[in-house]
Amino acid sequence: MNPDYRPTTMEIQDILKQFKNIQPDPTYTEFSRRAVLASAQLEQLSLRRILARVMETAGSVALVGLLIFAIMGGFSGSRYLSPVQFSGIDPAALHAEAQAIDMQINLANLTYTESTRVAESTPHASGSPFARATTTASAPPAAAAPAAAAPENTATSTGTGNAPSSSVSINEALQKLTQ
Amino acid sequence: MKKLLVLFSFSLLAGGYFLAALPAHAATADPCALQVSDFNKIQQVKNDATLSYADELKAELTLRRELLTNTILCAKADAQTLKDNLSGLTIDPAFQNLQLQMAENLDTTINFYGLQLDKVPTAGINATQAIAKDVLAWRESNYAPLAESVSDFILWSQNQSLFSAADNRLQQIDALAKSVPFSDNTELQNDLQAASASLKNAEDANDAAKNSLVHLTYPDPTLNYIQTSLSALSDTYQHFFDIASLVQTLLPH
């Protein structure tokens, strides 16, 4: 192109009209939009906005304070203990745990009772493991009562609990069938 | 309409028959329903003068086979129930080998019962008596100590959560006792010490039970240790109740 060339006004107008039709690359458009949206927006701080921010912060602090007050026992019966600390001596929870222990004690005593009963009702069992259970398992006084109260021939099998008095245990049945 | 009536009547009859048949079926199907009267029938047959010798033997043999079958089936079901309870335990991995070993031993017993059951249909009177003796001897020498160990193991395993709960409870109460304004109260301190001591006793007995389960000894003291541990644990809770009551009394409201 000639460096001394000077376009006419008409030519310049034509070139400018062609610029109108130039479109950006769609990928670049999307990238730019995301970059713009991701950039931090400058806020225009007004008095109203500042007041709203202060109120929000104060509200949050008040709520947290109220929560801490409640946790520390502010509304409980004591000024010294929190509900969390009180839960350690919660009677309902203590009773539930104590009852679970009582149930296990009963189970342990039931095992003892069954072993004793079978040994007593099996005449030739002396020196057998059944007799061992009788002699070694020294139950506490609480266990002795149900053991003594248990009627003869009350179980259908070892470890299966009580049954009507006319039933026999497995060992008793086998004993009868040997005769 | 007529068809509906017929259908309704049939349903009622079928339902009635089913309900009437159910208890009878259940009664005969339960091998563990072993009654003294069932065994007395053997003697009744022997004393029955109307029967010929051959008929008497036949009736006695039928009775003996039936009773022996039910007895062994009941014993087998008992062992299976014990095994199911054992296998259903959620336990510390350190005890899984012991759990498996016990389950295998129970399987051995269940298999033994199965073998004896197979002999019954072809057994004569003397053979049924011999089978009964063998099963009884097996139960006394093998099954009884095994069942006792398994029962103790199940009981001990179930107790472990109680010990954890008691330990947590003591820690909570200890923290509470330190935070109250009357933390130096003598009675409170005594109760705390008593609770701590009885929990220690309970845990010692619990450990002793664990050791006797792992190292099987004769005579087996496991159940005794378990009972001691539970008794001490119960005492611990009595002290907890005392502390709770004292704190409620002394606390300013």
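Heads up: the protein sequence lines correspond to chains A and B, in order.
No gaps in the numbering here: position 118 of the first sequence is 113 in the numbering used here, and each next residue is one more.
Every number in the numbering used here is 293 more than the matching position in the second sequence, counting from 1.
Idealized CB from N, CA, C, for every residue including glycine.
| Item | Value |
| --- | --- |
| So which of B/PHE475, B/ASN478, B/SER489 and B/ILE447 has the shortest CA-CA distance to B/GLN464? | B/SER489 |
| Who are the Cβ neighbours of A/THR131 in its own chain at under 6 angstroms, not counting the five residues just before and after it? | With a pLDDT of 29 at A/THR131, under the threshold of 50, the modelled position of that residue is not reliable, and the figure given next carries that caveat. Once the five neighbours on either side are set aside, A/THR131 has no close Cβ partner at all. |
| Would you please verify whether the beta carbon of A/ALA87 is less than 8 angstroms from any beta carbon of chain B? | no |
| Are the beta-carbon atoms of B/SER367 and B/PRO324 separated by less than 8 angstroms? | Looking at the sequence provided, one finds Cys at residue 367 of chain B rather than Ser. It is a contact, given that the beta carbons lie within the stated cut-off. |
| Using a Cβ-Cβ cutoff of less than 8 angstroms, which residues in the same chain neighbour A/PRO2 once the five nearest sequence positions on both sides are dropped? | ILE10 |
| So which residues on chain A does B/ILE551 lean against when the C-beta distance must stay under 7 angstroms? | Shown here, chain B extends from 294 to 546; a query on residue 551 of chain B therefore has no answer. |
| What are the uninterrupted segments assigned as beta strand (DSSP E) that are 3 or more residues long and contained completely in the stretch 401 to 480 of chain B, given in chain order? | none |
| Give me the Cα-Cα distance between A/THR22 and A/ALA30, rounded to the nearest whole angstrom. | 12 angstroms |
| Can you list, in chain order, the residues of its chain with a C-beta nearer than 7 angstroms to that of B/LEU516? Leave out the 5 residues immediately preceding and following it. | ASP445 |
| Name the chain B residues whose beta carbon is nearer than 8 angstroms to that of A/ILE45? | Under the 8 angstroms cutoff, chain B gives no residues; its nearest Cβ is about 43 angstroms from A/ILE45. |
| Hey, B/ALA459 and B/LEU526: beta-carbon distance below 8 angstroms or not? | yes |
| Are the C-beta atoms of B/PHE533 and some chain A residue less than 8 angstroms apart? | yes |
| So B/ASP484 and B/ILE536 are in contact, right, with Cβ under 8 angstroms, and what is the actual spacing, rounded? | 5 angstroms |
| Per the contact definition of three or more C-beta pairs closer than 8 angstroms, is the stretch 365 to 381 of chain B in contact with the stretch 395 to 412 of chain B? | yes |
| Apart from the five residues just before and just after B/ALA487, which ones in its own chain have a Cβ nearer than 7 angstroms to its Cβ? | HIS532 |
| If I measure Cβ to Cβ from B/ALA372 and keep anything under 6 angstroms in the same chain, skipping five residues before and after, which residues do I get? | LEU399, THR402 and ILE403 |
| What residues match up with A/SER162 in a beta bridge as DSSP calls it? | B/GLN328 |
| Could you name the residues of chain C that A/VAL163 contacts, counting a contact when the two beta carbons are closer than 8 angstroms? | Protein chains in the displayed structure are A and B, and chain C is not among them. |
| Whose C-beta lies closer than 7 angstroms to the C-beta of B/THR529 among residues of the same chain, with five residues either side of it excluded? | ALA459, ALA488, SER491, LEU492 and ALA495 |
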